Amino acid sequence: MSSSPIIDAVELNQLKQAGTGPRLIDVRTPGEFETAHIPGAYNVPLDLLREHRDEIAQHLDEDVVLVCRSGQRATTAGQTLREAGLPNVSILDGGMTAWQDKGFAVRRGPQRWDLERQVRLVAGSIVLSSVLGSIASPKLKWVAAGIGAGLTTAALTNTCAMGMMLAKLPYNRGASCDAQSVVEQLIGSKQSLSGALA
């Protein structure tokens, strides 16, 4: 299956400024989304999108740009939506990192760590603790080896089990984000747009 096309931050900003911007779907966790997001974006976390892809795809009939921190989760989301039959999906090249580096408008909320940073902290802490603990109990080195194997698998499969588990923590949940409220937001924005064009 072919990958989704890429749009860079400059081009997306120009489309937004001209009022012809595509619908922005941010697939990060609600906590990450609340910390900083592109104005006008809708938060549809990746795990929710995967679970309810057909229902959500029904309400995405115009051009869609998927956003995450760096582009990895958006690429996965793009593949999910293309499998649901949605052809008009692009990925923001470099994600929020590229958008913010260009100095474009961002809506900010309470500051939280990005999910990738949390994964590095947890994985690094487990490896360090295991290596240090292996001085007293040599078998602990296998915990460090297991984390290394998990990170290698995550890189090869472009998935991250630890990230998915961390995303479920209350710290990362932020505002309530379920399939019904996401669909209601998508329908509401579509009706507002039709009313404005009428």
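Taking full-length UniProt numbering, the leading residue of the sequence shown gets 1, the next gets one more, and so forth. Quick reminder that beta carbons are idealized off the backbone N, C-alpha and C, glycines included. The structure presented is a predicted model; accordingly, all values stated were derived computationally and were not measured.
### Task
Report yes if the CB atom of Ser-5 is closer than 8 Å to the CB atom of Leu-15, and no otherwise.
Locating residue 5 in the sequence shown gives position 5, where the first residue counts as 1. Locating residue 15 in the sequence shown gives position 15, where the first residue counts as 1. Looking at the sequence shown, residue 5 is not Ser but Pro. Not a contact, by the Cβ cut-off of 8 Å.
### Query
Who are the near neighbours of Ser-192 in its chain, counting only those whose CB is closer than 7 Å to its CB and skipping five residues on each side?
Taking the first residue of the sequence shown as position 1, residue 192 is located at position 192. Residue confidence is low: Ser-192 scores 46 on pLDDT, short of 50, so the model does not pin down where it sits. Its coordinate-derived value is still stated next. Nothing listed; no residue qualifies.
### Query
Where Thr-20 and Asn-13 are concerned, what is the direct C-alpha to C-alpha distance, given to the nearest angstrom?
Taking the first residue of the sequence shown as position 1, residue 20 is located at position 20. Taking the first residue of the sequence shown as position 1, residue 13 is located at position 13. Computed Cα separation, rounded: 10 Å.
### Message
Contact defined as beta carbons within less than 8 Å: I believe Ser-130 pairs with Leu-140. What is the distance between those atoms, to the nearest angstrom?
### Response
The residue labelled residue 130 in the question sits at position 130 within the sequence shown. The residue labelled residue 140 in the question sits at position 140 within the sequence shown. Right, the Cβ-Cβ distance comes to about 5 Å (below 8 Å), so this counts as a contact.
### Message
Counting beta carbon pairs with one atom in the segment 96-105 and one in the segment 33-50, are three or more of them shorter than 8 Å?
### Response
The segment 33-50 is in contact with the segment 96-105.
### Inter-residue Cα distance where the pair is Gly-133 and Val-65
Counting from one through the sequence shown, the residue named residue 133 turns up at place 133. Counting from one through the sequence shown, the residue named residue 65 turns up at place 65. For Gly-133 and Val-65, the gap between their C-alpha atoms comes out near 46 Å.
### Message
Taking its Cβ as the centre, do 16 or more other Cβ atoms sit within 10 Å of Val-106, making it buried, or is it exposed?
### Response
If you number the sequence shown from 1, residue 106 lands on position 106. When all chains shown are included, Val-106 counts as exposed.
### Message
With distance defined between alpha-carbon atoms, name the residue in Arg-28, Ile-56, Val-27 nearest to Glu-184.
### Response
Walking along the sequence shown from the start, residue 184 turns up at place 184. Here the closest residue by C-alpha is Ile-56.
### Message
For a quick check, are the C-beta atoms of Asp-54 and Tyr-42 less than 8 Å apart?
### Response
Taking the sequence shown and counting its residues from 1, the one referred to as residue 54 is at position 54. Taking the sequence shown and counting its residues from 1, the one referred to as residue 42 is at position 42. No, they are not a contact pair.
### Task
Let me know the secondary structure DSSP gives Val-64 once reduced to three states.
Within the sequence shown, the letter at position 64 stands for residue 64. Strand at Val-64.
### Task
Could you tell me the distance, in whole angstroms, from the CA atom of Ile-135 to the CA atom of Gly-103?
The residue you call residue 135 lines up with position 135 of the sequence shown. The residue you call residue 103 lines up with position 103 of the sequence shown. Using only the alpha carbons, I get a separation of about 48 Å.
### Query
Taking Leu-169 as the reference, which of Thr-157, Leu-186, Ile-91, Arg-112 has the closest Cα?
If you number the sequence shown from 1, residue 169 lands on position 169. Ranking the options by Cα distance to Leu-169, first place goes to Arg-112.
### Task
Tell me, please, which residues DSSP counts as bridged to His-37.
Mapped onto the sequence shown, residue 37 falls at position 37. Within the DSSP bridge table, the entry for His-37 names Arg-107 as partners.
### Message
Determine whether the beta carbon atoms of Thr-80 and Ile-91 lie at a separation below 8 Å.
### Response
Locating residue 80 in the sequence shown gives position 80, where the first residue counts as 1. Locating residue 91 in the sequence shown gives position 91, where the first residue counts as 1. The Cβ atoms of Thr-80 and Ile-91 do not sit closer than 8 Å to each other.
### Task
Kindly indicate which three-state DSSP category Ile-25 falls into: helix, strand or coil?
One-based indexing of the sequence shown puts residue 25 at position 25. In this structure, Ile-25 counts as strand in the three-state DSSP scheme.
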